[in-house]
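For reference, the structure discussed in these notes is given below.
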Amino acid sequence: MAEHPNVQLLRDGYAAFSRGDIAEATKDWSDDIVWHIGGRSPLAGDYKGQEEVTGFFGKIFEMSEGNFEIEVHDILANDEHAVVLCHERARRNDKVLDADSTHVYHLKDGKVTEYWGVATDQRAEDEFWS
Amino acid sequence: MEHENVERTRAAYAAFARGDMAVVTDLMSDDVVWHVTGNGPLAGDYKGQDEILGYFGKLFEATGGSLAIDVDDILANDRHATAIVHMSAMREGMILDENAVHVFELEDGKVKAFWSFDSDPEQLERFWQ
């Protein structure tokens, strides 16, 4: 069965993110994108618009000194939603993040409009980024 | 076109909602494992259909049958299905009201493993304590 085009859109986005090409990673985002970061760490909250979201990415890279990687296990998508099953690894001082996560995207007309990250262990995520 | 595992998963949620567990377990492999995450009293791994049905029974009992899963969307391919859901329930004056992502690992159209990813695990823990 043919893969939905939004699967490839997300796959390309993660590949660009992992090589640090943020311009490429954000090219399929709508202008009014909203990035929801759950939990209770200092990073939690809603980031609105491409500038705030890429600023959030910058903060993650800075806090983990570039030791942040996402291994994509699978990508599922239809016209309206995509879910990325992944594993996140990061190091920060003497703390280690090593956990499964799901990334949920809302899409409209082939553009990413919203993101939610839902972790297996939100408390471990909060502890890592606090 | 929708993947057939989308329809299978949708049918399983509909059967769960009306309490028709024979339909639900028919979609599980014999060695299915249900991973319930978090630190609540029901957290842990349930192995095989009997243990999983026992877990479902506890969910129904503890919430007096008020547990409802609203399925927002289902995405699937040959290997995985994911359901974007909203869970609500009442228990001893407490209200559960949260978003979750359910992930199913599939093989030949049967569920091998399940994981829940909860947007607000602390709310869940308070609810189930």
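Read top to bottom, the protein sequences are chains A and B. Counting from 3, one number per residue, gives the positions in the first sequence under the numbering used here. Counting from 18, one number per residue, gives the positions in the second sequence under the numbering used here. Ideal Cβ placement from N, Cα and C applies to all residues, glycine included. Bear in mind the structure is a predicted one, so any value in this text is a computation, not a measurement.
Inter-residue Cα distance where the pair is residue i and residue j
i, j, result
"A:Ala-79", "B:Asp-135", "20 Å"
"B:Asp-114", "B:Met-104", "6 Å"
"A:Gly-149", "A:Glu-129", "With chain A represented from 3 up to 132, any question about residue 149 of chain A goes unanswered, as that position is not in the structure."
"A:His-83", "A:Val-74", "17 Å"
"B:Tyr-72", "B:Ala-60", "10 Å"
"A:Ala-92", "A:Ile-35", "25 Å"
"A:Trp-131", "B:Gly-126", "39 Å"
"B:Ala-106", "A:Gly-22", "43 Å"
"B:Phe-33", "B:Ile-101", "16 Å"
"A:Met-65", "A:Asp-111", "34 Å"
"A:Lys-50", "A:Val-114", "13 Å"
"B:Thr-80", "B:Trp-145", "9 Å"
"B:Thr-42", "B:Gln-66", "7 Å"
"B:Asp-95", "B:Asn-22", "7 Å"
"B:Asp-137", "A:His-105", "15 Å"
"A:Gly-68", "A:Ser-43", "19 Å"
"B:Glu-78", "B:Met-38", "15 Å"
"B:Lys-75", "B:Leu-84", "11 Å"
"A:Val-98", "A:Ser-20", "19 Å"
"A:Asp-14", "B:Met-111", "43 Å"
"B:Ser-178", "A:Asp-96", "Because chain B is modelled from 18 through 146, residue 178 of chain B falls outside the range shown and cannot be assessed."
"B:Ala-29", "B:Gln-140", "26 Å"
"A:Asp-100", "A:Glu-90", "6 Å"
Beta-bridge pairing of residue i - partner residues as DSSP gives them
i, result
"B:Leu-123", "B:Val-128"
"B:His-97", "B:Glu-122"
"B:Met-107", "B:Ile-112"
"A:Arg-93", "A:Val-98"
"A:Met-65", "DSSP output for A:Met-65 lists no bridge partner at all."
"B:Met-45", "B:Val-128"
"A:Phe-70", "A:Ala-92"
"A:Gly-119", "A:His-105"
"B:Lys-64", "B:Val-50"
Beta-carbon proximity check, residue i vs residue j, cutoff 8 Å
i, j, result
"B:Ile-91", "B:Arg-27", "yes"
"B:Phe-131", "B:Trp-51", "yes"
"B:Leu-70", "B:Ala-98", "no"
"A:Ala-4", "A:Ala-18", "no"
"A:Glu-116", "A:His-38", "yes"
"B:Val-128", "B:Leu-44", "yes"
"A:Asp-123", "B:Thr-54", "yes"
"A:Tyr-107", "A:Leu-45", "no"
"A:Phe-59", "A:Ile-24", "yes"
"B:Glu-142", "B:Gly-57", "yes"
"A:Ile-72", "A:Cys-88", "yes"
"A:Ile-77", "A:Val-9", "yes"
"A:Gly-40", "A:Trp-118", "yes"
Proximity to residue i [Cα-Cα], best of the options
i, options, result
"A:Ser-103", "A:Gly-112, A:Val-85, A:Arg-42 and A:Thr-56", "A:Val-85"
"A:His-6", "A:Leu-109, A:Pro-44, A:Asp-100 and A:Glu-71", "A:Leu-109"
"B:Met-18", "B:Ser-133, B:Glu-68, B:Gly-110 and B:Ala-93", "B:Ala-93"
"B:Arg-25", "B:Val-40, B:Gly-81, B:Gly-36 and B:Asp-47", "B:Val-40"
"A:Gln-52", "A:Asp-76, A:Asp-111 and A:Trp-31", "A:Trp-31"
"B:Asp-68", "B:Ser-83, B:Val-49 and B:Tyr-30", "Per the sequence presented here, residue 68 of chain B reads as Glu, with Asp not at that position. With distances taken between Cα atoms, B:Glu-68 lies closest to B:Val-49."
"A:Val-55", "A:Ile-77, A:Asn-95, A:Asp-76 and A:Lys-29", "A:Lys-29"
"B:Ser-133", "B:Met-111, B:Asp-62 and B:Glu-78", "B:Asp-62"
"B:Ala-31", "B:Met-111, B:His-20 and B:Asp-89", "B:Asp-89"
"B:Arg-35", "B:Lys-64, B:Gly-82 and B:Ser-46", "B:Gly-82"
Residue-chain proximity (residue i, chain E), Cβ-Cβ < 8 Å
i, result
"A:Val-36", "Absent here is chain E; the protein component of the structure consists of chains A and B."
Residue i beta carbon near the ligand MG (any heavy atom closer than 7 Å)
i, result
"A:Asn-69", "Ligands in the displayed structure: none, and consequently the ligand MG is not present."
Selection of the stretch 92–110 of chain B by Cβ proximity to chain A, strictly under 7 Å: Leu-92, Ala-93, Asn-94, Arg-96, His-97, Thr-99 and Ile-101
Scan the stretch 82–95 of chain A for residues whose Cβ lies nearer than 8 Å to a Cβ of chain B and list them as they occur along the chain. Glu-82, His-83, Ala-84, Val-85 and Leu-87
Given a limit of 8 Å on CB to CB distance, which residues of the stretch 116–128 of chain A reach chain B? Trp-118, Val-120, Ala-121, Thr-122, Asp-123, Gln-124 and Arg-125
What residues in the stretch 73–90 of chain B bring their beta carbon closer than 9 Å to a beta carbon of chain A? Asp-89 and Asp-90
Contact set between the stretch 118–142 of chain B and chain A, restricted to residues whose Cβ is under 8 Å from the partner: Val-118, Val-120, Trp-132, Phe-134, Asp-135, Ser-136, Asp-137, Pro-138 and Glu-139
Could you name the residues of the stretch 47–74 of chain B whose beta carbon sits closer than 7 Å to any beta carbon of chain A, in the order they occur along the chain? Thr-54
Which residues of the stretch 68–79 of chain A have a Cβ closer than 7 Å to any Cβ of chain B? Give them in chain order. Asp-76, Leu-78 and Ala-79
Just by C-beta distance, which residues in the stretch 36–59 of chain A are closer than 7 Å to chain B? Gly-40
Can you pull out the residues from the stretch 100–117 of chain A whose beta carbon lies closer than 8 Å to at least one beta carbon of chain B? Asp-102, Ser-103, Thr-104 and Val-106
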